[in-house]
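Here the structure comes first, spelled out in structure tokens, and everything after it is commentary.
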Amino acid sequence: MTQEIDFKYCPQCAALFLQHAPNLLVCSACDLHYYINPRSTNAVLLQNNKNQILLTKRRFDPYAGKYDLPGGFININESVEESVVRELKEELGVDMNISDIEYLESCFDTYEFKGVNYYTVGLMYRAQIKNDIVIIPADDVVSVLWVDINDIPYEDIAFKGVATFMKSYFSSKA
Ligand SMILES: [Zn+2]
């Protein structure tokens with residue numbers, strides 16, 4: 001598994017990259033400075049008024065078949081709020097406005113994809129939805145599960161950061 005910090009060659013001139021700091025690679029030939037910063041992601045705690053949240057089952061690796069929160073990577077030239085609204089539509093067929101979502105906190109994680117381990121930072125949101133809302137799982141979501149906040153299957157949650165966030169968020173509400 002390659003960490004992003006272990007990249008060997010400069011993408012500009014293909015000379016050797018040298019590590020200058022924990023988060024900086026510098027090209028030995030053209031002096032390109034390549035900083036390793038986290039990729040931004042979002043996730044949403046969708047809650048109904050029965051004390052339940054909605055989990056998604058992942059279709060693709062990493063962690064295919066594990067549970068996750070709706071959400072995903074933020075596109076370039078997109079605000080985090082826009083990305084939340086887009087992901088809810090793509091993954092669940094749910095229409096929501098930016099004013100319906102509330103920012104909670106962030107958490108850090110890693111995301112392993114095709115042999116590279118990327119650093120990520122997740123921006124966690126919350127939104128209230130109606131009990132009878134129609135959910136249409138699509139895109140990278142196989143199915144959804146409404147689960148009581150006291151019965152969240154933490155051992156089956158795909159990402160450590162998301163599980164840690166939910167544990168801490170719901171313990172502070174208890
Ligand atoms: Zn170079």
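Mapping of the sequence shown onto this note's numbering: position 100 corresponds to residue 100, and the numbering continues sequentially without gaps. Cβ coordinates follow ideal geometry from the N, Cα and C atoms, glycine included.
| Check | Outcome |
| --- | --- |
| Residue burial classification, M1 (beta-carbon count within 10 angstroms, cutoff 16) | exposed |
| Beta strand (DSSP E) segment containing K57, residue limits | 52-58 |
| Ligand 1 site residues, beta-carbon cut 6 Å against heavy atoms | C10, Q12, C13, A15, C27, A29, C30, L32 |
| Residue interval of the beta strand (DSSP E) (run including F108) | 102-113 |
| Buried or exposed by the 16-neighbour rule on C-beta atoms within 10 Å, applied to C10 | buried |
| Cβ-based neighbour list, L32, same chain, cut-off 6 Å, excluding 5 preceding and 5 following | C10, Q12 |
| Stretch-stretch touch, CB-based, cutoff 8 Å, three pairs: the stretch 101-116 with the stretch 13-29 | no |
| Nearest-angstrom beta carbon gap, G93 and A43 [assumed within contact, 8 Å] | 18 Å between Cβ atoms; not a contact. |
| For L92, three-class secondary structure by DSSP | helix |
| contact_flag[the stretch 35-52, the stretch 83-100] where n(CB pairs < 8 Å) is 3 or more | yes |
| Contact set for F159: own chain, Cβ-Cβ below 6 Å, skip 5 residues either direction | D109 |
| Nearest to L54 (by Cα), restricted to the options Y35, L88, N77, V80 | L88 |
| I98 classed as buried or exposed, judged by whether at least 16 other C-beta atoms fall within 10 angstroms | exposed |
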